[in-house]
Each structure stands twice: as structure tokens, then as C-alpha cells.
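Some notes on the structure that comes next.
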Amino acid sequence: MKIKKVINNNVVSALDSDSCEVIVMGRGVGFQARPGMDIPPDRIQKIFKMDGKNSSDRLQELLKDIPMEHFQLCSDIIEYAKAKIGKKLNKNIYITLTDHVNFAIERYRQGMNFSNPLLHEVKLFYKNEFAVGEYALSLINERVGALLPADEAASIALHIVNAEYDSKIDEMTSVTRLISSILNIVEKYFNIQIDEQSLDFERFLTHLKFFAFRIFKHEAIDVEDSGFRELIEQQFAPEYRCSKKIAEFIEKRYRLHVQEEELYYLAVHIKRVTRKSPARGGG
């Protein structure tokens, strides 16, 4: 493996056996090194192959300016997340999470306070990812002595979710806020308190996540069965009316259209999540 560019004493850009660019990390791997030189195998600690030149360039730029320990810390958090969640994560998380954690540590050392307005929602909607965030806080405290607040666990969790769904942080924030708004609409419409520990709630959350992503990405679903539509409108009338309230809210708040077919599926899930709640009454 030959060096293409020295980033710093511990990081170099190199070409692998297929002439693809990779990022190589290791103590002293870039010390007194020059382009074209072979990398001693015993100095290689980690190799990263990003998806595309733009991502590779962004990672190299980031690694110029942060301690190697911070990147190693985030790599360990990401590996833990993969094992905990059991899903493939977009490789850009090595850039976004490292940048966030590095800034969070700097903010802590400067005595700056941080609060995340979505703490409650993230903790409720993304339980596994929030658990990763809590693990990350303990690891950060152990490795660098920075005692970060639970708000940061929520921020780290959102980065994990972003990587799961291949989205951007602002899009994920919008999705989370929309889900929270929909839950409020359902509870007010039926005058109930949804059981947040129930399996029905977990199923509803899963549907709402994909529903919200489709709305923001302008993706459509197709329902060919007219009998299904009639069934919903007749036997799920209160839930269907509630789903129309949700559509009205989305169109007013986000200026986004919700197709009629989405309302049918939404009504089914609303029926399921509200069926065991007492004192139901339509609005």
C-alpha cells in the first residue's frame, strides 16, 4: 500500500491494491513519510474506505484538525452502534459524528452549556439509538474526562438514526418533530393518553417514521384495492377523520401534500394504537 498524501503524523491517504483511495491511521504512519512510499504494515491500525471522493476529502480535512484520539473514540462508538442496532450505517457517520463529538468536547472544556429541545422525543422514539448515545457519553467521560449531559446522548442518537436512514440531520430533526406533532394530534382528537410502553405504540412509531420520510422525500405509495378504501372510510371513520386532520396540519405547517392513500394506512395504525385507550371520542 503506497502513500498518496500525508495528512498528519498519524493519518495518510493511500492507494490500495485496486488503486482505490483509502484513509490509513496509525501511530507515526505519516511521520517523515512522503507520497509514493510504502506503508509499513506494523504501523497500520485502521483503514477507512469512504463512498466517493467527496466523502474521502471531507474526512481527510476533518482529520487534519482533530486529535486522533477523538476519531478513534468515535470509531469505537460507531462499531458499538452497529452491533447494538444490527443495521448498516452510512459511512458518512465517521465524518458527522466525529465532527459533532469533537465540538461537544471542546464546548464542555470551554464551560458552554448545551440543551437539546428534542431530548424527550429522541429518548422515546429511538430507544436503541439513545442507548448508544448513553454508552457514548460514558466512553467519552472515560477516555477524555468530559462529562457531557444527556442532551448530547440525544444528539448522538440522531446522528446514528441519520446513518441508518441515509438522511441529513435537519431532515431527521423535521421527521422527529413531525412524529411528535402527530402523536399530539391523535391524543387530543381521541382525548386519550397513548401507552408509550405498548407494542402497538412501537408499531405506530415505526409506521410514522417511514410515513414522515415519504412526506419529506415526496415519495408516493400505491393502493389499487378500492374495497380497502371503502372499508377504511366506513369501518375506521373516526380514525380516518383523524388522519385527515393530520394531513391538514402537514399541509399547513410544512406546505407538503399528503396523498389520500397515506391516510388509509394511517387510519389503520391509529385504530390499533388507540383501541385499548379508555373514553374514546371523535373530534
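FYI, numbering that gives the first Met the number 0 numbers position 88 of the sequence shown as 87, with every residue one higher than the one before it. By construction, the Cβ of each residue, glycine as well, lies at the ideal position given by its N, Cα and C atoms. Computed from a prediction, not measured in an experiment: that's the story for all the values here.
{"Check": "Residue 78 to residue 194 span [Cα, whole Å]", "Outcome": "33 Å"}
{"Check": "Coil, strand or helix - residue 81 by DSSP", "Outcome": "helix"}
{"Check": "Three CB pairs or more closer than 8 Å across the segment 184-202 and the segment 262-272", "Outcome": "yes"}
{"Check": "Delimiting residues of the beta strand (DSSP E) encompassing residue 118", "Outcome": "Careful: residue 118 lies outside any beta strand (DSSP E), inside the alpha helix (DSSP H) at 118-124."}
{"Check": "Reduced DSSP category for residue 283 - H, G, I as helix; E, B as strand; rest coil", "Outcome": "Nothing about residue 283 can be read from this structure; the chain reaches only from 0 to 282."}
{"Check": "Terminal residues of the beta strand (DSSP E) in which residue 21 lies", "Outcome": "20-24"}
{"Check": "Neighbourhood of residue 98 by C-beta distance below 7 Å, restricted to the same chain and skipping five residues each side", "Outcome": "61"}
{"Check": "Residue 157 at chain B interface by Cβ criterion, 8 Å", "Outcome": "Note that chain B does not occur in the displayed structure, where there is just one protein chain."}
{"Check": "Backbone secondary structure at residue 210 - three-state DSSP", "Outcome": "helix"}
{"Check": "Bounding residues of the alpha helix (DSSP H) (the contiguous stretch that carries residue 159)", "Outcome": "149-164"}
{"Check": "First and last residue of the uninterrupted beta strand (DSSP E) at residue 102", "Outcome": "Unbroken run through residue 102 is the alpha helix (DSSP H), 92-108; no beta strand (DSSP E)."}
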